[in-house]
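Colleague:
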Amino acid sequence: MKLLLLTYIFSISLLSFLLFQDKELEESINRGADIYSDFCINCHMANGEGVEKTFPPLAKSDFLLNKREESIRGVKYGQQGYILVNGVAYNNIMPPMGLEDEEIADVMNYILNSWGNKSDSIVTPEEVSMNVNK
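Under UniProt numbering, the letters of the sequence shown match residues 1 to 134, in that order.
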């Protein structure tokens, strides 16, 4: 009986955590959509496909999904120089947007969960703040 009760409590706790995280991610994505519309849409387009050889795609982007830290750093500090995205070379300048860590986390969560992208974990403001310019 004790084992059953412990299993029940553990299951409820785990379910509550997952539901809370899903709600937290959903709210972050919604805020991120607004930030994307204000700061990113002009270059990366409404569908996240960018402009070939000028502004890299965010939709189904191998760079974005495989280089999470570099992607966060790019949003936080800007990006310049050569990068390879989905087999296409880009060598342009993205200025820093002047966003707060929470705004960067929100827009990253939006981008990482839009246009065919799916992230396994939420980007938090704490993760963004630990990401320093190298």
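Glycine included, each C-beta is placed from N, C-alpha and C at the ideal position.
1) Consult DSSP for Ile-41 and reduce its assignment to one of helix, strand or coil.
2) Report yes if the CB atom of Arg-73 is closer than 9 angstroms to the CB atom of Val-132, and no otherwise.
3) Quick test of the definition: if touching needs 3 or more C-beta pairs under 8 angstroms, does the segment 101 to 117 touch the segment 56 to 69?
4) Going along the chain, which residues of its own chain have a beta-carbon closer than 8 angstroms to the beta-carbon of Asn-47, five neighbours each way excluded?
5) Based on the DSSP secondary-structure assignment, which residues constitute the bridge partners of Ala-33?
6) Roughly how many angstroms lie between the CA atoms of Leu-84 and Lys-53, to the nearest whole one?
Modeller: Considering the structure as presented:
1) Position 41 of the sequence shown holds residue 41. Residue state, collapsed to three classes: helix.
2) Residue mapping note: residue 73 aligns to position 73 of the sequence shown, counting from 1. Residue mapping note: residue 132 aligns to position 132 of the sequence shown, counting from 1. Their beta carbons are under 9 angstroms apart, which means Arg-73 touches Val-132 by this criterion.
3) yes
4) On the sequence shown, position 47 is the one that residue 47 refers to. Ala-59, Trp-115.
5) Position 33 of the sequence shown, counted from the first residue, corresponds to residue 33. Paired residue(s): none; Ala-33 is not in a bridge.
6) The residue labelled residue 84 in the question sits at position 84 within the sequence shown. The residue labelled residue 53 in the question sits at position 53 within the sequence shown. One C-alpha to the other measures close to 10 angstroms.
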